[in-house]
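K.L.:
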Amino acid sequence: MSTSVTYARTIPAVRSRSASGVVRLALIGAAVLYIGFFLLLPLAAVFVQAFEKGVKAYLAAVSEKETLSAIRLTLLACAIAVPLNLLFGLAASWAITKFNFRGKNLLITLVDLPLAVSPVVSGLIYVLVFGLHGWFGKWLDDHDVRIIFAVPGIVLATVFVTFPFIARELIPFMQSQGKEEEEAAAVLGANGWKIFFKITLPNIKWSLLYGVILASSRAVGEFGAVSVVSGHIRGQTNTLPLHVEILYNEYNFMAAFAAASLLTLLAVITLIAKKIVEWKTEKQIATSEAEEYV
Amino acid sequence: MPSILGKRSGSVPGFGLSLGFALTYLSLIVLLPLSAVFFKSASMGWAHFWEAATTPRVLASYRLTFGASFAAAGINAVAGLLVGWVLARYDFPGKRFVDAVVDLPFALPTAVAGIALTSLYVGNGWIGHFLQPHGIEVAFKPAGIVLALSFVGFPFVVRSVQPVLEDLDKGLEEAAASLGATPWQTFRRVIFPSVLPALLTGVALAFARALGEYGSVIFIAGNMPMRTEITSLLIISKLEQYDYAGATAIAVVMLVMSFLLLLGINLLQARIRKYQEVEF
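Chains as they are written, first to last, in our numbering: chain A, 1 to 294; chain B, 295 to 574.
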């Protein structure tokens, strides 16, 4: 009796497992094909076309004067925008996660606001403020200060589009960490900076790094916002993505893809760095959870 | 005991400095410049604003942008659910690599994605030369815009559904199977309803991103007025003609649209959290 029951129960289970094995293989195959076709093929296309005329031509293209000045400007904008947003991220997350005050949820929502603004509109708002016909346009013109169609405009647009990245990584992470350690240090008489550097910073370092990686990657690759405020003066107000556009529109495809390959390489490095940090933070969360059980 | 020490020495310092800096920076970088769009359009007057925001060329760009974004979101709903499911449920060689590659559209600058996709799908490109003999054209057609928008929106859907599928209680599926449900029935009646809010969130995020997308689209779009000209590009061409009022009117329409979308997404996410709290 009992054997026949087990028999009757195992047969459909075995059959459905082999059927689901086929489904499983088909689904994995379809997913891998989709990723290969839609994501990896464009990646390969960049490098193949960059090296189409050989390594020598490639090196000549990426070391061309205008490409180098585009790289310099891109790095400059990134080097100003990311530290500024890092300071904001630290200040905002410190205020939000260590204190209670009215309008806290509104502040959390406002941090994300730039993500809701499309790249082109992100550039447009600065044209309306600092452009010749904007709020301060007349005053700036009288004092011979150029922001729009010049480097400061590019930096501002980069700051705007990368604004939320670090804060929105830090806020949830610091919320999950609580404030007991900081309060204990305060009771023991440590001052604010000491608490921050000795306790908070070591705790949040991976989360912070994660935000910095995301912000830098966006800062270097931003196109739409920077395009609106740049003025596209070769060798002066062209960032690397804008330089790619100019070369491409001049049908200088090899040089365009050579410049694009630098950005692609950076994107690949970003992905790897992101995965490493994700792995580290998972380990950190896992250890802190394990410590709670001990 | 701590009460003897009093509240002051026990609380963390730095409230005034951190909140003060955060609010000042937020106002200067985000709120003030963003308000300029609304002040500018308010100064236009309603009639002028409406006229600028609804010329035939602008209306055609809305139709194209919304239509292509919607189609791309639909493609991503299917592809994102598939890839999210495979990554959440199955083990296979190279899984970590595939998982990392999903984020590529987030990391790759949009202009690079734009020229790479265009070079693949033009008539003599790697993929284009297979399609051309069959009369299928992708580059410089609305289909190309849909393709670029599906590329940039893809990770949003995967990253929304993947954690939900990982956390899903397998006991429910086993219960359904032991009650005699076929795998398809289990998927439709048990799995799909639980993943639906996350799927909708991901699709809405991809859609919101697509509405404002610029860099990846302009290379493959062809940019013909009335036919393959997206709204973001139209804002730029208005600016290049020094038509600041016209550019601002269109920008306000796009801003209001994405604010409404994000409001909807936040409500959806609140519902997911509520659902998960009840479930687990």
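No residue lacks a Cβ here, since even glycine has one placed at the ideal position from N, Cα and C.
Fair warning: this is a prediction, and the values are worked out from it, not measured in the lab.
1. Is it right to say residue 536 of chain B is buried, meaning 16 or more other beta carbons lie within 10 angstroms of its own, or is it exposed?
2. If you draw a straight line from the C-alpha of residue 191 of chain A to the C-alpha of residue 89 of chain A, how long is it?
3. Roughly how many whole angstroms lie between the Cα atoms of residue 222 of chain A and residue 126 of chain A?
4. Take residue 168 of chain A and list the residues in its own chain whose beta-carbon comes closer than 7 Å to its own, dropping the five residues that flank it on each side.
5. In this structure, how does DSSP classify residue 342 of chain B when only helix, strand and coil are distinguished?
6. Would the C-beta of residue 408 of chain B count as close to the ligand ZN, meaning under 7 Å from any of its heavy atoms?
7. In chain order, what residues of the same chain have a beta carbon less than 7 Å from the beta carbon of residue 455 of chain B, not counting five sequence neighbours either side?
8. Step through the CB atoms of chain A and report whether any lies within less than 8 Å of the CB of residue 401 of chain B.
9. If the cut is a Cβ gap below 7 Å, which residues of chain B does residue 232 of chain A touch?
10. Tell me which residues share the same chain as residue 171 of chain A and place their Cβ nearer than 8 Å to its Cβ, disregarding the 5 neighbours each side in the sequence.
11. Specify the secondary structure class of residue 521 of chain B as computed by DSSP and reduced to three states.
12. Once DSSP output is grouped into helix, strand and coil, what is the label at residue 148 of chain A?
13. So if I threshold CB-CB distances at 9 Å, which residues from the region 527-543 of chain B count as touching chain A?
14. Evaluate residue 479 of chain B with the Cβ neighbour count: other Cβ atoms within 10 Å of its Cβ, from every protein chain shown; 16 or more gives buried, anything less gives exposed.
15. Does DSSP put residue 282 of chain A in a helix, in a strand, or in coil?
16. Using the beta-carbon of each residue, which ones in chain A are nearer than 8 Å to residue 464 of chain B?
17. Kindly indicate if chain B contains any beta-carbon less than 8 Å away from that of residue 53 of chain A.
18. CB residue 443 of chain B to CB residue 362 of chain B, shorter than 8 Å?
19. Going along chain A in order, which residues have a C-beta closer than 8 Å to the C-beta of residue 445 of chain B?
20. Can you tell me where the alpha helix (DSSP H) holding residue 360 of chain B begins and where it ends?
21. Just to make sure I have the definition right: I need the residues of chain A whose C-beta is within less than 9 Å of the C-beta of residue 404 of chain B. Which are they?
22. Check whether chain B comes within 8 Å of residue 171 of chain A, counting only Cβ atoms and requiring the distance to be less than that.
23. Report the residue from B:359, B:368, B:504 and B:308 whose alpha carbon sits nearest the alpha carbon of residue 115 of chain A.
24. Could one say the Cβ of residue 566 of chain B lies closer than 8 Å to chain A's Cβ atoms, at least one of them?
25. Round the Cβ separation of residue 123 of chain A and residue 224 of chain A to the nearest angstrom and send it over; I've been treating them as touching at under 8 Å.
26. Taking the alpha carbon of residue 199 of chain A as the reference point, which residue from A:278, A:183, A:30 and A:226 has its own alpha carbon closest?
27. Indicate whether at least one CB of chain A lies closer than 8 Å to the CB of residue 436 of chain B.
28. Can you list, in chain order, the residues of its chain with a C-beta nearer than 7 Å to that of residue 390 of chain B? Leave out the 5 residues immediately preceding and following it.
29. List, in order along the chain, the chain A residues whose C-beta lies closer than 7 Å to that of residue 312 of chain B?
30. Buried or exposed for residue 384 of chain B, please, with buried defined as at least 16 other CB atoms from any protein chain shown within 10 angstroms of its CB.
31. Between the alpha carbons of residue 261 of chain A and residue 57 of chain A, how many angstroms are there, rounded?
32. For residue 137 of chain A, name the three-state secondary structure that DSSP assigns.
33. Could you tell me if residue 306 of chain B is buried or exposed, where buried requires 16 or more neighbouring beta carbons within 10 angstroms of its beta carbon?
34. Report yes or no: is there a C-beta of chain B within less than 8 Å of the C-beta of residue 270 of chain A?
35. Taking any Cβ of chain A, which residues in the region 323-341 of chain B have a Cβ under 9 Å from it, in chain order?
36. From this set, B:421, B:308 and B:351, which residue's C-alpha is nearest residue 521 of chain B's C-alpha?
P.N.:
Put simply:
1. Against the second sequence, residue 536 of chain B aligns to sequence position 242. Exposed, since its Cβ has fewer than 16 Cβ neighbours within 10 Å.
2. Here residue 191 of chain A refers to the residue found at position 191 when the first sequence is read from its first residue. Here residue 89 of chain A refers to the residue found at position 89 when the first sequence is read from its first residue. Using only the alpha carbons, I get a separation of about 21 Å.
3. Numbered from 1 along the first sequence, position 222 holds the residue referred to as residue 222 of chain A. Numbered from 1 along the first sequence, position 126 holds the residue referred to as residue 126 of chain A. Using only the alpha carbons, I get a separation of about 15 Å.
4. If you number the first sequence from 1, residue 168 of chain A lands on position 168. Within the same chain, residue 168 of chain A has close Cβ partners 111 and 112.
5. Here residue 342 of chain B is taken as the residue at index 48 of the second sequence, counted from 1. Helix.
6. Absence of the ligand ZN is noted for the structure shown, with no ligands found whatsoever.
7. Residue numbering aside, residue 455 of chain B sits at position 161 when the second sequence is read from its first letter. Here the set comprises 374, 375, 378, 489, 492, 493 and 496.
8. Numbered from its first residue, the second sequence carries residue 401 of chain B at position 107. Taking Cβ atoms only, chain A reaches closer than 8 Å to residue 401 of chain B, which makes this a yes.
9. Counting from 1 along the first sequence, the entry for residue 232 of chain A is found at position 232. Neighbours of residue 232 of chain A on chain B: none; closest Cβ ~10 Å, over 7 Å.
10. Within the first sequence, the letter at position 171 stands for residue 171 of chain A. Counting only Cβ-Cβ distances below 8 Å, and skipping sequence neighbours, we find 92, 93, 96, 97, 108 and 111.
11. Here residue 521 of chain B corresponds to residue number 227 of the second sequence, with the count starting at 1. Coil.
12. Sequence index remark: in the first sequence, residue 148 of chain A carries index 148 (1-based). Three-state result, residue 148 of chain A: coil.
13. 527, 529, 530, 533, 536, 538, 541 and 542
14. To locate residue 479 of chain B, count along the second sequence from 1; it is residue 185. Per the 10 Å Cβ criterion, exposed.
15. The residue you call residue 282 of chain A lines up with position 282 of the first sequence. Here residue 282 of chain A sits in helix by DSSP.
16. Walking along the second sequence from the start, residue 464 of chain B turns up at place 170. Simply none; closest approach about 13 Å.
17. Counting from one through the first sequence, the residue named residue 53 of chain A turns up at place 53. Closer than 8 Å: no.
18. The residue you call residue 443 of chain B lines up with position 149 of the second sequence. The residue you call residue 362 of chain B lines up with position 68 of the second sequence. Yes; because the gap between Cβ atoms is below 8 Å, this pair is in contact.
19. For the purposes of this step, residue 445 of chain B is identified with residue 151 of the second sequence, where counting begins at 1. Here the neighbours are 38, 39 and 42.
20. For this step, residue 360 of chain B is matched to residue 66 along the second sequence. It spans 350-383 - the alpha helix (DSSP H) in which residue 360 of chain B sits, taken as one unbroken run.
21. Stepping through the second sequence from its first residue, residue 404 of chain B is reached at position 110. Residues of chain A passing the Cβ test: 119, 221, 222, 223, 224 and 241.
22. Taking the first sequence and counting its residues from 1, one reaches residue 171 of chain A at position 171. Not one chain B Cβ lies under 8 Å of residue 171 of chain A.
23. Your numbering for residue 115 of chain A matches position 115 in the first sequence. That would be B:504, whose Cα lies nearest to the Cα of residue 115 of chain A.
24. As a first step, residue 566 of chain B must be located in the second sequence, where it is residue number 272. With 8 Å as the cut-off, residue 566 of chain B does not count as an interface residue toward chain A.
25. By one-based count along the first sequence, residue 123 of chain A stands at place 123. By one-based count along the first sequence, residue 224 of chain A stands at place 224. Rounded, the Cβ-Cβ distance is 7 Å, consistent with contact.
26. As a first step, residue 199 of chain A is located in the first sequence; it is residue number 199 there, counting from the start. Looking at the Cα atoms, A:183 is the closest of the given residues.
27. Position 142 of the second sequence holds residue 436 of chain B. Closer than 8 Å: no.
28. On the second sequence, residue 390 of chain B is found 96 positions in, with the first residue counted as 1. Nothing listed; no residue qualifies.
29. In the second sequence, residue 312 of chain B corresponds to position 18, counting from 1. Ordered by position in chain A, the residues that pass the 7 Å Cβ test against residue 312 of chain B are 91, 94 and 95.
30. Reading the second sequence from its first residue, position 90 is the one you call residue 384 of chain B. That one is exposed.
31. Here the question's residue 261 of chain A lines up with position 261 in the first sequence. Here the question's residue 57 of chain A lines up with position 57 in the first sequence. If I take the Cα positions, the gap works out to 13 Å.
32. In the first sequence, residue 137 of chain A corresponds to position 137, counting from 1. If DSSP states are grouped into helix, strand and coil, residue 137 of chain A belongs with the helices.
33. Indexing the second sequence from 1 puts residue 306 of chain B at position 12. Flag for residue 306 of chain B reads buried.
34. Within the first sequence, residue 270 of chain A is the residue found at index 270, counting from 1. It does: the Cβ of residue 270 of chain A has a partner Cβ on chain B nearer than 8 Å.
35. 323, 324, 325, 326, 327, 328, 329, 330, 331, 333 and 334
36. Against the second sequence, residue 521 of chain B aligns to sequence position 227. Among B:421, B:308 and B:351, the Cα nearest to that of residue 521 of chain B is on B:351.
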